[in-house]
Structures are given as structure tokens and as C-alpha cells.
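To start, the structure itself, in C-alpha cells.
2 protein chains.
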Amino acid sequence: MKQSIKVAVDAVVFGYDPEKGISILLIRRKYEPFQKVWALPGGLVANGESLEDAVRRELREESGVDVNYLEQLYSFGKPDRDPRNRVVTVAYFGLVRPSDYQLSAQTDAEDVAWHSIDQIPKLAFDHKAIIDLAITRLRGKIAYEPVGFELLDKKFPFSDLENLYQTLLGREIDRRNFKKKIIGYGFLEELDETIQRKAGRPAHLYRFNKKKYDELKTKGYNFDLFL
Amino acid sequence: MKQSIKVAVDAVVFGYDPEKGISILLIRRKYEPFQKVWALPGGLVANGESLEDAVRRELREESGVDVNYLEQLYSFGKPDRDPRNRVVTVAYFGLVRPSDYQLSAQTDAEDVAWHSIDQIPKLAFDHKAIIDLAITRLRGKIAYEPVGFELLDKKFPFSDLENLYQTLLGREIDRRNFKKKIIGYGFLEELDETIQRKAGRPAHLYRFNKKKYDELKTKGYNFDLFL
Numbered sequence: 001m002k003q004s005i006k007v008a009v010d011a012v013v014f015g016y017d018p019e020k021g022i023s024i025l026l027i028r029r030k031y032e033p034f035q036k037v038w039a040l041p042g043g044l045v046a047n048g049e050s051l052e053d054a055v056r057r058e059l060r061e062e063s064g065v066d067v068n069y070l071e072q073l074y075s076f077g078k079p080d081r082d083p084r085n086r087v088v089t090v091a092y093f094g095l096v097r098p099s100d101y102q103l104s105a106q107t108d109a110e111d112v113a114w115h116s117i118d119q120i121p122k123l124a125f126d127h128k129a130i131i132d133l134a135i136t137r138l139r140g141k142i143a144y145e146p147v148g149f150e151l152l153d154k155k156f157p158f159s160d161l162e163n164l165y166q167t168l169l170g171r172e173i174d175r176r177n178f179k180k181k182i183i184g185y186g187f188l189e190e191l192d193e194t195i196q197r198k199a200g201r202p203a204h205l206y207r208f209n210k211k212k213y214d215e216l217k218t219k220g221y222n223f224d225l226f227l
Numbered sequence: 001m002k003q004s005i006k007v008a009v010d011a012v013v014f015g016y017d018p019e020k021g022i023s024i025l026l027i028r029r030k031y032e033p034f035q036k037v038w039a040l041p042g043g044l045v046a047n048g049e050s051l052e053d054a055v056r057r058e059l060r061e062e063s064g065v066d067v068n069y070l071e072q073l074y075s076f077g078k079p080d081r082d083p084r085n086r087v088v089t090v091a092y093f094g095l096v097r098p099s100d101y102q103l104s105a106q107t108d109a110e111d112v113a114w115h116s117i118d119q120i121p122k123l124a125f126d127h128k129a130i131i132d133l134a135i136t137r138l139r140g141k142i143a144y145e146p147v148g149f150e151l152l153d154k155k156f157p158f159s160d161l162e163n164l165y166q167t168l169l170g171r172e173i174d175r176r177n178f179k180k181k182i183i184g185y186g187f188l189e190e191l192d193e194t195i196q197r198k199a200g201r202p203a204h205l206y207r208f209n210k211k212k213y214d215e216l217k218t219k220g221y222n223f224d225l226f227l
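Protein chains in written order, with full-length UniProt numbering: chain P, 1 to 227; chain H, 1 to 227.
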């Protein structure tokens, strides 16, 4: 019997803004099925194209976003997940700073926007389940890898990192121990510059030292950022 | 342009035997391409079948093995990974006790056997890369989830668990601290029974309390089994 299954890719791109919290990049579908319904950027893989090239292309086409950090999340293949054909989708997730991008909807998208993870609209297909898994993965991941730095400015006050972790985890963290632990790892540089954010004393700026981090990782260092 | 990509599944099934260490279930291919070459059990997904049903079916057909614990690993989709067509494969990994099974090669397999992870033969397709990723994932996973228990007898002396972890990690562990930590979590029951394994004192038997473990997990407990 001839197999009639198609292969697609979808992208869950997280953005973080210190003021607005965590959001996800969604497009509004131009065509049926689920016309005008919000969905993850994505689409069918071209015959000669790798999965990762496909997801980057779809993201560029539908949203104008080029993602730096992109990681395969999971493949979703329930036989009835698409009303047209059987489609297996390989989902990816990425992290960006929304302020770095000018959004632009094209091809299959009639609109594109960041949506707060607390206010995700009704979504096409099984995209809600894909997003739920991506959030779970992201929360698990930040516990043992400092991926959060992708979401911050290059130089940031320590409070931005604390707030990011609190937002991602959805709970308070022990700020004092968190700082002690992170600084102890040595992959964060304290700079001579300061920033004045609201009232109060100016705060020192920090920078993520990826080289130092990679060195530690190569040595088999196990990060445990939780307390 | 019409998409001509096929979807397959492959299974990396790990087995653990206290005497022989860790092995992987491989089949010898009956047909071209890679005729008579060892490969992972797997094959094309049927149109109406879920990915997980497909991998369980292929495992049963090609090796006679029914896997209890099965988890999606990663999807491999390089355009040239199969010399016939473009095939995207969704790889799964599982853990079993080899002594629980009678192997039986059928359909596309002309032989099936356990191969020590230290002596993996030349493999078909990109199956070596799939196995490498599965080993990395398994090593990472045992650090924060007690999945290793699937590989032990229902009742086991503590030294079996220590040896399993040492084998999986490929290094010595601090036995004293490891035991203290594991016992501290409370998901391991010490039984009144003992076992006499070689010379020396009889050793107490332990049993994994999955209910207790699930309770801790639901509470959001973070396991960290490493030292």
C-alpha cells in the first residue's frame, strides 16, 4: 500500500521583553483550513530541503523572523491532526528578543504578531498542544542550561535575568541564592558600566561569556540553576 | 510541486544485563539497500497508524520485542539519508531487560540480536548517529529521572543500581553519596528479603516505588541523581 503522509515543520518562537513578559510568535492563516485562525508559523518541507532549512524558510516567509537559536522539539503525527491529509509535523522551538525584529506577514500568513503566553488565542490544528510542550521544555531546559541569555539584551542588569527566570518558571526564586549560584559558575561577567532603570541606585550591567560557558560544558560540568 | 517524502520510525531499544552491561537491539536487513547489514528495527508508517503504534508494530514484527517504556527521541531528515527516497524517520528509544524476551526476526529482518554498545557493528543508513544521540539522551536522562529502574529486576540489591549508573555514565560514581541521595528521595523501598550474589554478606533487596515517585514528581520535585 502506498504511503500518503506529508511532512511539515512548525516553529514555536519565544520572545522575552522585560516589560511584557514572554510571548509567542503567531501568524493568522490566509487560507483554509482554519482560515483567519491564529497558528504557528510553518508549512510543508520541500523535497530537497533539510528540516531545519524548511523551518527557517517558513519563519522568514510567514513572519520575517530569522532565528538564531533553534532546536528540534518533538514530532506530532496523530493521523487526524490535519483535516486535509495525514501530515506529520516536526516542531522546533527558538528564542529571540522581539525588539530585534520587524514582523512581516507574507505567503500563507495574512497577519503576524507576538502573543503573550498568558493570552494565547484559539489556535489551528494541534498547535496548542505543541505550544504547551514547548513551554514545558523551555522550563525544564533553563534549569540545566543558561539558554535564557538569548532572550536578554547583550548587557543587562542582574535583575533582568532574575525576572526572566521568575517569568519562565512562573514562581518566585530565592534571588540571593540564585545570584550566588550563577556568579559562582563564572560564565557571567560583571561590567564596569551601570544602568539606571527606575528609582533607586544604578545597577551594574552583566554580560554572558559564552566562551567560558562552552569551556565549562566541554569539561562535563553539570549546571543546576535551580534552588 | 508535489512533496515526495516518506515517513518512517526507528527504535533504539537498550537492554541491561548486570553481567554483560548495556546492549542495543539490532536486526540484520533481509533486503536492499544495505542487505545483510545490521540496522535499527523500524520501517514506514502506515497511513492510518500513529507514530508510536508504528514503532511498536515494527519492533514486534522484526524482533519479537514488546517495549514497555518508549519515548520519542528525535526526527532525522537529511535529504540523502536513504538511497531510495527521501525518508524522514522519527526515532524512539526504549529500555528493557533482555532476559524478558525471546527474540524472533521476521518480515524485513533475517536476524535479530543484542549488541553491546561497546561493539556496535557497521550500521545501515544514519543509524549510528541515531544510536549516538540515544546514548547521550539516556545518559542525560538518568541524571534527573530514575528511568534506570526499568532496566533492573523488580527486586534488586543496591549494588545493581550502582553498577547500572556506572555503566550508563561510563565512569565511577561516589557510591556512598549516591546511595544517601537515592534513599533520601524516598522512592526506593528496602525489603526484608536478602540475596546472596557472590562471596560476602547477603545483600538487602530494594524495590522501586513508582507511586511514591510519581507523587514527588507531581509536586514538582527536581531530582538530581548526580554528585
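C-beta atoms are modelled at their ideal positions from N, C-alpha and C, and glycine is treated no differently.
Query                                                                                                                      : Result
Which residues DSSP lists as bridging V88/H, in chain order                                                                : V7/H
Close Cβ partners of L227/H (< 8 Å) along its chain, the five nearest in sequence each way excluded                        : Summary for L227/H: the model assigns pLDDT 44, below 50, so the residue's position carries little reliability; its value from the coordinates is reported in the next sentence. I173, D174, N177, F178 and K181.
Interface flag, K180/H vs chain P, CB-CB below 8 Å                                                                         : no
Exposure of P146/P, with buried meaning 16 or more beta-carbon neighbours within 10 Å                                      : buried
The stretch 152 to 166 of chain H / the stretch 201 to 214 of chain H touching (three or more Cβ pairs under 8 Å)          : yes
Buried/exposed call for E193/P, threshold 16 Cβ in 10 Å                                                                    : exposed
Whether E52/P touches T107/P by CB criterion (8 Å)                                                                         : no
Residues that N177/P contacts on chain H, provided the C-beta gap is smaller than 7 Å                                      : Simply none; closest approach about 14 Å.
Near-chain H residues of the stretch 72 to 100 of chain P (beta-carbon distance less than 7 Å), N- to C-terminal order     : Q72, Y74, S75, G77, K78, P79, R86, V88 and V90
Per-residue contacts from I5/P into chain H (C-beta, under 7 Å)                                                            : V7, V45 and N47
Proximity test, Cβ basis, 8 Å: Q51/H and chain P                                                                           : In the sequence under discussion, the amino acid at residue 51/H is Leu, which differs from the Gln named in the question. Yes, L51/H lies at the interface with chain P (some Cβ there is under 8 Å from its Cβ).
Reference Y101/H, options V13/H, K217/H, Y213/H and Q3/H, closest by Cα                                                    : V13/H
Neighbourhood of V88/H by C-beta, 8 Å cutoff - its chain only, sequence neighbours within 5 removed                        : I5, K6, V7, A8, S75, F76 and G77
Straight-line Cα distance separating L25/H from A113/H                                                                     : 6 Å
Start-end ranges of the beta strand (DSSP E) lying completely within the stretch 101 to 138 of chain H, minimum 3 residues : 109 to 116
Y185/P versus N163/P: straight-line alpha-carbon distance, rounded                                                         : 19 Å
Residue from Y16/P, I22/P, Q3/P and M1/P with nearest C-alpha to Q119/P                                                    : I22/P
Residues sharing a beta bridge with T167/P, DSSP                                                                           : Paired residue(s): none; T167/P is not in a bridge.
Best match in L70/H, A109/H and R97/H for proximity to V90/H [C-alpha to C-alpha]                                          : L70/H
Anticipated Cβ contact below 8 Å, Y58/P with G48/P, distance rounded                                                       : Strictly speaking, residue 58/P in this sequence is Glu, with Tyr absent from that position. No, E58/P and G48/P are not in contact; Cβ-Cβ is about 15 Å, not under 8 Å.
Opening and closing residue of the alpha helix (DSSP H) in which K210/P lies                                               : K210 to T218
Beta-carbon proximity check, K160/H vs P33/H, cutoff 8 Å                                                                   : Position check: residue 160/H holds Asp in this sequence, whereas Lys was assumed. The answer is no: Cβ separation not under 8 Å.
Residue range of the unbroken beta strand (DSSP E) whose run includes S50/P                                                : First-last for S50/P: undefined, no H or E at that position.
Counterpart residues of E58/H in DSSP-defined beta bridges                                                                 : Paired residue(s): none; E58/H is not in a bridge.
Simplified DSSP state of D174/H, which is helix, strand or coil                                                            : coil
Which of helix, strand or coil DSSP assigns to P98/H                                                                       : helix
Range of the contiguous beta strand (DSSP E) that encloses K198/H                                                          : Element bounds for K198/H: n/a, residue is neither H nor E.
Endpoints, the beta strand (DSSP E) within which K20/H is located                                                          : Here K20/H belongs to no beta strand (DSSP E), and DSSP marks it neither H nor E.
Rounded separation between residue 234/H and A143/P - CA only                                                              : No information on residue 234/H is available, as it lies outside the stretch 1 to 227 that chain H covers here.
Helix, strand or coil at K155/H [DSSP, three-state]                                                                        : strand
Cross-strand partners of S75/P (DSSP beta bridge)                                                                          : V90/P
Inter-residue spacing [alpha-carbon to alpha-carbon] between V45/H and R56/H                                               : 11 Å
Residues bridged to residue 315/H (per DSSP)                                                                               : Since the first residue of chain H shown is 1 and the last is 227, residue 315/H is not available in this structure.
Which of helix, strand or coil DSSP assigns to V65/H                                                                       : coil
Bridge-paired residues (DSSP) for F14/H                                                                                    : I24/H and L95/H
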